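>
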Amino acid sequence: MTLQHQADLSKRNTLGVPSWAEHLIDIEQDDQIPGWVGWAQQNELNIRVLGGGSNLLLDNRVDGLVLAMRTQGRQVLGQDDQGRTLWRLAAGENWHEVVRASVEAGLSGLENLALIPGSVGAAPIQNIGAYGVEVGDRLHDVEAYDCRTHQWVRLPAAQCEFGYRDSLFKRWENRYIITAVTLALSTDFQPQLSYGPLQALAHNPNLSASLVMETVIRLRQSKLPSPDVIPNAGSFFKNPQIDDAQFQRLKADWPELVAYPSDDEWKLAAGWLIDQCGLKGQASDAGVGCYREQALVLINPKRAEFLDVVTWQRLVQKAVANRFGIVLEREPRYWGSKGSGQFE
Ligand code: EPU
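For the sequence shown, this note's numbering assigns the number 40 to the initial residue and increments by one for each residue that follows.
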């Protein structure tokens with residue numbers, strides 16, 4: 040629990056990029072937070088919060104103070120007015136272990152979100168989502184320390200401004216330190232099977248939250264590499280959203296285009312766009328490349344450094360822009376040091 044200087048982050052980011060943090064402290068108890076935030080502010084240091092490190096692109100040097108959230112705790116609070124079980128989880132809990140424990144406890148709502156790497160506290164930041172469910176759909180409230188007002192806050196889900204891979208916490212980076220999340224889960228299983236490969240389960244006589252979870256685990260294992268085996272940060276780009284006019288023009292040129300209606304727009308499968316550029320399974324000399332089973336996942340098997348990753352990111356963005364006129368936006372968040380510029 041001591042402050043570390045020039046702390047090695049290479050094993051704390053799933054992309055495996057070599058990186059050092061100017062200062063790092065492991066947070067085991069929430070009451071440590073105000074003191075460290077005050078110290079960082081007095082010394083005019085950036086404050087960054089590290090969870091599982093699964094949605095990060097780190098530069099060689101990360102300036103300021105990194106607070107690594109390691110708090111543990113699970114607590115059933117009772118039921119809300121709709122009869123759902125309220126389950127409070129400390130920020131440092133592992134997301135997938137929580138999903139599994141909820142299903143084993145007979146609760147449903149998280150089964151589609153199985154095997155997503157990362158911590159509970161990170162889940163609301165980018166509103167993790169998979170197979171037709173987003174964490175924002177299951178959230179009751181988020182507790183956080185507000186570094187601006189120095190107060191503890193509890194934000195109901197409706198105030199978190201959740202969107203596709205987006206939330207208030209992402210837009211106000213460095214303001215809120217999420218300390219706990221309360222989920223609202225159901226004892227009455229209502230399957231969400233709209234995603235293509237899950238549809239067949241609707242006719243399965245043994246349909247249960249557990250069966251959905253095991254199916255999702257198998258699907259993910261077949262398409263997404265485990266970061267323990269091949270370093271990666273999940274989807275490296277967001278699925279771009281375009282309006283109907285642009286969609287119709289693209290569809291005329293590319294009848295096979297993979298897209299889904301999203302609000303009154305269209306969401307394009309970025310993995311398909313990259314695949315069409317012939318980049319699936321390809322890699323640079325540094326080993327950075329697009330995974331052979333899912334082109335949207337950037338892999339870093341040789342633990343190459345930041346600039347090698349950015350070089351591949353740009354190569355992919357350029358290929359997709361040249362072929363389809365679409366700009367791909369990176370999903371993992373960038374951490375660097377003053378003067379290292381923006382790498383979008
Ligand atoms: N596709 C290809 N080639 C590829 C990859 C995809 O043709 O190399 C096409 C396929 O036709 C496929 C479609 O694209 O049917 C969509 O692919 P997939 O079902 O794998 O989903 P995705 O849109 O690429 C999103 C999330 C994933 C999430 C899955 C399942 C984003 C950026 N990614 O991927 O999230 O697990 O849906 O719901 O929204 C993550 O955020 O890290 C992540 C893995």
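The beta-carbon is built from N, C-alpha and C at its ideal position, and this holds for glycine as well.
In this text, all values refer to a predicted model and were calculated from it rather than measured experimentally.
Taking the C-alpha atoms as reference points, what is the distance between I164 and E200?
Counting from 1 along the sequence shown, the entry for residue 164 is found at position 125. Counting from 1 along the sequence shown, the entry for residue 200 is found at position 161. Spanning the two alpha carbons is a distance of roughly 10 Å.
> Give a yes or no on whether the C-beta atoms belonging to V105 and H135 are separated by under 9 Å.
In the sequence shown, counting from the first residue as 1, residue 105 sits at position 66. In the sequence shown, counting from the first residue as 1, residue 135 sits at position 96. No, the Cβ-Cβ distance between V105 and H135 is not below 9 Å.
> Assuming S233 contacts G171 under a Cβ cut-off of 8 Å, what Cβ separation, rounded to an integer in Å, is found between them?
In the sequence shown, counting from the first residue as 1, residue 233 sits at position 194. In the sequence shown, counting from the first residue as 1, residue 171 sits at position 132. Going by Cβ atoms, the distance from S233 to G171 rounds to 5 Å, so yes, they are a contact pair.
> Under a Cβ-count criterion, where at least 16 other Cβ atoms within 10 Å of its own Cβ denotes burial, should E143 be classed as buried or exposed?
As a working mapping, residue 143 is identified with position 104 in the sequence shown. Per the 10 Å Cβ criterion, exposed.
> Less than 8 Å between the CB atoms is what I'm expecting for L149 and S141, so what's the real figure, rounded?
Here residue 149 refers to the residue found at position 110 when the sequence shown is read from its first residue. Here residue 141 refers to the residue found at position 102 when the sequence shown is read from its first residue. Their Cβ separation, rounded to whole angstroms, is 5 Å, which keeps L149 and S141 in contact under 8 Å.
> Consider the C-beta atom of Q333 and the heavy atoms of ligand 1; say whether any pair is separated by less than 8 Å.
Locating residue 333 in the sequence shown gives position 294, counting from the first residue. Yes - ligand 1 has a heavy atom lying nearer than 8 Å to the Cβ of Q333.
> Quick check: L307 and L335, are their CB atoms within less than 9 Å of each other?
By one-based count along the sequence shown, residue 307 stands at place 268. By one-based count along the sequence shown, residue 335 stands at place 296. In this structure, L335 does not lie closer than 9 Å to L307 by Cβ.
> Please say whether S147 and D227 have beta carbons closer to each other than 9 Å?
Residue mapping note: residue 227 aligns to position 188 of the sequence shown, counting from 1. Residue mapping note: residue 147 aligns to position 108 of the sequence shown, counting from 1. Going by C-beta atoms, D227 is nearer than 9 Å to S147.
> If distances are taken between C-alpha atoms only, which option among E344, R139, G112 comes closest to G131?
If you number the sequence shown from 1, residue 131 lands on position 92. Out of E344, R139, G112, G112 has the C-alpha closest to the C-alpha of G131.
> Under a Cβ-count criterion, where at least 16 other Cβ atoms within 10 Å of its own Cβ denotes burial, should D47 be classed as buried or exposed?
Stepping through the sequence shown from its first residue, residue 47 is reached at position 8. Burial call: exposed.
> With a cut-off of 8 Å, do at least 3 Cβ pairs link the stretch 43-58 to the stretch 90-104?
Counting Cβ pairs under 8 Å, three or more are found: they touch.
> Using the beta-carbon count (16 or more within 10 Å), is T110 buried or exposed?
In the sequence shown, the residue the question calls residue 110 occupies position 71. Buried, since its Cβ has 16 or more Cβ neighbours within 10 Å.
> From D120 to I217, what distance separates their C-alpha atoms?
Indexing the sequence shown from 1 puts residue 120 at position 81. Indexing the sequence shown from 1 puts residue 217 at position 178. Going by the C-alpha atoms only, they are around 25 Å apart.
> Pick helix, strand or coil for M108, following the three-state DSSP scheme.
Looking up residue 108 in the sequence shown gives position 69. In the structure shown, M108 sits in a strand (DSSP, three-state: E or B).
> Considering only the beta carbon of each residue, do Q118 and R127 sit closer than 9 Å?
Mapped onto the sequence shown, residue 118 falls at position 79. Mapped onto the sequence shown, residue 127 falls at position 88. It is not a contact, given that the beta carbons lie outside the stated cut-off.
> At a cut-off of 8 Å, would you count V355 as near ligand 1, judging by its Cβ distance to the nearest heavy atom?
For the purposes of this step, residue 355 is identified with residue 316 of the sequence shown, where counting begins at 1. No, Cβ of V355 sits at least 8 Å from all heavy atoms of ligand 1.
> Under 9 Å, do S206 and N245 count as touching if we go by C-beta distance?
Within the sequence shown, the letter at position 167 stands for residue 206. Within the sequence shown, the letter at position 206 stands for residue 245. No, they are not a contact pair.
> In whole angstroms, what separates the C-alpha of M108 from that of S158?
Here residue 108 refers to the residue found at position 69 when the sequence shown is read from its first residue. Here residue 158 refers to the residue found at position 119 when the sequence shown is read from its first residue. Distance between the alpha carbons of M108 and S158: 9 Å.
> Alpha carbon to alpha carbon, how far is W305 from R193?
To locate residue 305, count along the sequence shown from 1; it is residue 266. To locate residue 193, count along the sequence shown from 1; it is residue 154. Going from the Cα of W305 to the Cα of R193 covers about 34 Å.
> Between L367 and V355, is the Cβ-Cβ spacing less than 9 Å?
On the sequence shown, residue 367 is found 328 positions in, with the first residue counted as 1. On the sequence shown, residue 355 is found 316 positions in, with the first residue counted as 1. Yes, the Cβ-Cβ distance between L367 and V355 is below 9 Å.
> With H, G and I counted as helix, E and B as strand and the rest as coil, what does DSSP make of V297?
As a first step, residue 297 must be located in the sequence shown, where it is residue number 258. Correct three-state label for V297: coil.
> Is it buried or exposed for G129, if we count other Cβ within 10 angstroms and need 16 for buried?
For this step, residue 129 is matched to residue 90 along the sequence shown. For the sequence presented, residue 129 should be read as Ala rather than Gly. Label assigned to A129: buried.
> For K262 and E83, I'd like the C-alpha separation in whole angstroms.
Translated into positions along the sequence shown, residue 262 becomes position 223. Translated into positions along the sequence shown, residue 83 becomes position 44. Their backbone Cα atoms lie some 43 Å apart in a straight line.
> Considering only their Cβ atoms, is the gap separating N339 from N271 smaller than 9 Å?
One-based indexing of the sequence shown puts residue 271 at position 232. One-based indexing of the sequence shown puts residue 339 at position 300. Their beta carbons are under 9 Å apart, which means N271 touches N339 by this criterion.
> State yes or no: is the C-beta of I338 nearer than 8 Å to some heavy atom of ligand 1?
If you number the sequence shown from 1, residue 338 lands on position 299. No, since every heavy atom of ligand 1 falls outside the 8 Å radius drawn around the Cβ of I338.
> Hey, is W311 close to ligand 1, as in C-beta under 8 Å from one of its heavy atoms?
Position 272 of the sequence shown holds residue 311. Answer for W311: yes, Cβ within range of ligand 1.
> Going by other Cβ atoms of all chains shown within 10 Å of its Cβ, with 16 needed for buried, is V56 buried or exposed?
Indexing the sequence shown from 1 puts residue 56 at position 17. It is buried - the Cβ of V56 has at least 16 other Cβ atoms within 10 Å.
> Following the continuous alpha helix (DSSP H) through A325, name the residue where it begins and the one where it ends.
Taking the sequence shown and counting its residues from 1, the one referred to as residue 325 is at position 286. Looking at the DSSP string, A325 is not in any alpha helix (DSSP H), and its letter there is neither H nor E.
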